[in-house]
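**Student:**
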Amino acid sequence: MAQSTPALSRLVVGNWKMNGGPDQLYAAAAIARATAEDTPEPRIAICPPATLLHRLSHVLMGSAIMTGGQDCHVEAAGAFTGAVSAGLLAEAGARVVILGHSDRRQGSGEDDALVARKIAVAIDAGLEPIVCVGETWAQRNTGQALEIVRRQVRGSLPPALAGQAFAVAYEPVWAIGTGERASEDDIAEMHRAIRRELSEMFLGSRSAPILYGGSVTPEGAAAILAAPEVGGVLVGGASLRAESFVAIIEAAREADRPARETRRADRD
Ligand code: PEP
159 MAQSTPALSR LVVGNWKMNG GPDQLYAAAA IARATAEDTP EPRIAICPPA TLLHRLSHVL
219 MGSAIMTGGQ DCHVEAAGAF TGAVSAGLLA EAGARVVILG HSDRRQGSGE DDALVARKIA
279 VAIDAGLEPI VCVGETWAQR NTGQALEIVR RQVRGSLPPA LAGQAFAVAY EPVWAIGTGE
339 RASEDDIAEM HRAIRRELSE MFLGSRSAPI LYGGSVTPEG AAAILAAPEV GGVLVGGASL
399 RAESFVAIIE AAREADRPAR ETRRADRD
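For the sequence shown, this note's numbering begins at 159 and goes up steadily by one.
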């Protein structure tokens, strides 16, 4: 008989991008306070600029909130002025790292092969990669979205990920920081397609959550998180303020409730 699928805990990730002076640490402390009494689900991570990572990790010490990098260099070590290696991120307290974000794919010309190499380096450093994929508006408009994203998944995720903790974030490029977001139907269709790719590539493993990212707000979060195969959200702008990020975390906690109850029943 086929085994029932284990219920997954959702993952909520804040991407602070190039924002975050010391004042931003107060927001992190408020997020930690607001989520301290709750269950450890969903899993939560905040990815600040590299300059703030060590201090943020210190502020969040003792809370269940992980910290992470927004990128890492493709080499584990070497003379690369201005770059940050996966190992240095881990030493500064990071547990996760965002890789292949469209800001890097488009702004810094990163391709799937480079992202795949960065993932391998991140795993070696003990980091959980959060691998971003997503189509441009022109690609969606010309009916290529599914094909583009499938290709990115195939090309970006190296075999070294088998058996490792990782997440994929579907972030339509046109939805990032624009206030526009994909419809729940489009999100569900894309997430199912990504799940199929992952199942084929990693022999049916269902352990990797597939996140949605792109103008996620407290108002829209519940509907997104209820869509099939949405295993969490990657949040940019709305993660900068404690109030909005906590509201999104609460939406994820609510979406997680049935799975949490199944897990509890399985344990009892
Ligand atoms: C992002 O930075 O990955 C992102 C999704 O940003 P926003 O939520 O602001 O669209």
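Note that the Cβ used here is the ideal one computed from N, Cα and C, for glycine as well.
1) Residues bridged to Ile202 by DSSP?
2) With 16 as the cutoff for other CB atoms within 10 Å, does Ser402 come out buried or exposed?
3) Please return the same chain residues whose Cβ sits closer than 7 Å to the Cβ of Arg308, not counting the five positions on each side in sequence.
4) Return the first residue and the last residue of the alpha helix (DSSP H) that Ile277 is part of.
5) Can you give me the Cβ contacts of Ala208 inside the same chain, cut-off strictly under 6 Å, excluding the 5 residues immediately before and after it?
6) Answer with buried or exposed for His216, where buried requires no fewer than 16 other C-beta atoms within 10 angstroms of its C-beta.
7) Comparing alpha-carbon positions, which option in Ile281, Arg353, Thr375, Ala318 lies nearest Pro386?
8) Would you mind working out which of Arg411, Gln297, Arg312 sits nearest Ala274, comparing C-alpha positions?
9) Compute the Euclidean distance between the alpha carbons of Phe238 and Asp229, then round it to the nearest angstrom.
10) With H, G and I counted as helix, E and B as strand and the rest as coil, what does DSSP make of Met224?
11) In the DSSP assignment, find the alpha helix (DSSP H) that holds Gly378 and state where it starts and stops.
12) Just the C-alpha distance for Gly284 and Gly251, rounded to the nearest angstrom, thanks.
13) Taking the CB atoms as reference points, tell me whether Ser200 and Ser221 lie closer together than 8 Å.
14) Below 7 Å CB to CB, which residues in the same chain sit around Thr294 once its five sequence neighbours on both sides are set aside?
15) Taking just the CA atoms, how far does Gly292 sit from Gln302?
16) Roughly how many angstroms separate the alpha carbons of Ala192 and Thr300, rounded to a whole number?
17) Measuring only from the beta carbon, is Lys175 closer than 7 Å to any heavy atom that is part of the ligand HEM?
18) Could you please give the first and the last residue of the uninterrupted beta strand (DSSP E) stretch that includes Val242?
**Tutor:** The relevant details are as follows:
1) Looking up residue 202 in the sequence shown gives position 44. Ile202 pairs with Val170.
2) Counting from one through the sequence shown, the residue named residue 402 turns up at place 244. Result: buried.
3) Position 150 of the sequence shown, counted from the start, is the residue given in the question as residue 308. Contacts found: Ala351, Glu355.
4) Counted from its first residue, the sequence shown places residue 277 at position 119. It spans 270-282 - the alpha helix (DSSP H) in which Ile277 sits, taken as one unbroken run.
5) As a working note, residue 208 is residue 50 in the sequence shown. Once the five neighbours on either side are set aside, the close Cβ partners of Ala208 are Val242.
6) As a first step, residue 216 is located in the sequence shown; it is residue number 58 there, counting from the start. That one is exposed.
7) Within the sequence shown, the letter at position 228 stands for residue 386. That would be Arg353, whose Cα lies nearest to the Cα of Pro386.
8) Walking along the sequence shown from the start, residue 274 turns up at place 116. Out of Arg411, Gln297, Arg312, Arg312 has the C-alpha closest to the C-alpha of Ala274.
9) Within the sequence shown, numbered from 1, the residue matching residue 238 stands at position 80. Within the sequence shown, numbered from 1, the residue matching residue 229 stands at position 71. For Phe238 and Asp229, the distance between alpha carbons rounds to 14 Å.
10) Stepping through the sequence shown from its first residue, residue 224 is reached at position 66. Met224 falls in the strand class under three-state DSSP.
11) Here residue 378 refers to the residue found at position 220 when the sequence shown is read from its first residue. Start and end: 376-384.
12) For this step, residue 284 is matched to residue 126 along the sequence shown. For this step, residue 251 is matched to residue 93 along the sequence shown. If you take the alpha carbons of Gly284 and Gly251, they lie about 11 Å apart.
13) As a working note, residue 200 is residue 42 in the sequence shown. As a working note, residue 221 is residue 63 in the sequence shown. Per the sequence shown, the amino acid found at residue 200 is Pro instead of Ser. No; because the gap between Cβ atoms is not below 8 Å, this pair is not in contact.
14) Taking the sequence shown and counting its residues from 1, one reaches residue 294 at position 136. Same-chain partners within the cutoff: Val331, Trp332.
15) What you label residue 302 is simply residue 144 of the sequence shown in a count that begins at 1. What you label residue 292 is simply residue 134 of the sequence shown in a count that begins at 1. The alpha-carbon atoms of Gln302 and Gly292 are separated by roughly 11 Å.
16) By one-based count along the sequence shown, residue 192 stands at place 34. By one-based count along the sequence shown, residue 300 stands at place 142. Roughly 44 Å between the two C-alpha positions.
17) In terms of ligand content, the structure shown lacks the ligand HEM and carries the ligand PEP instead.
18) Taking the first residue of the sequence shown as position 1, residue 242 is located at position 84. Looking at the DSSP string, Val242 is not in any beta strand (DSSP E), and its letter there is neither H nor E.
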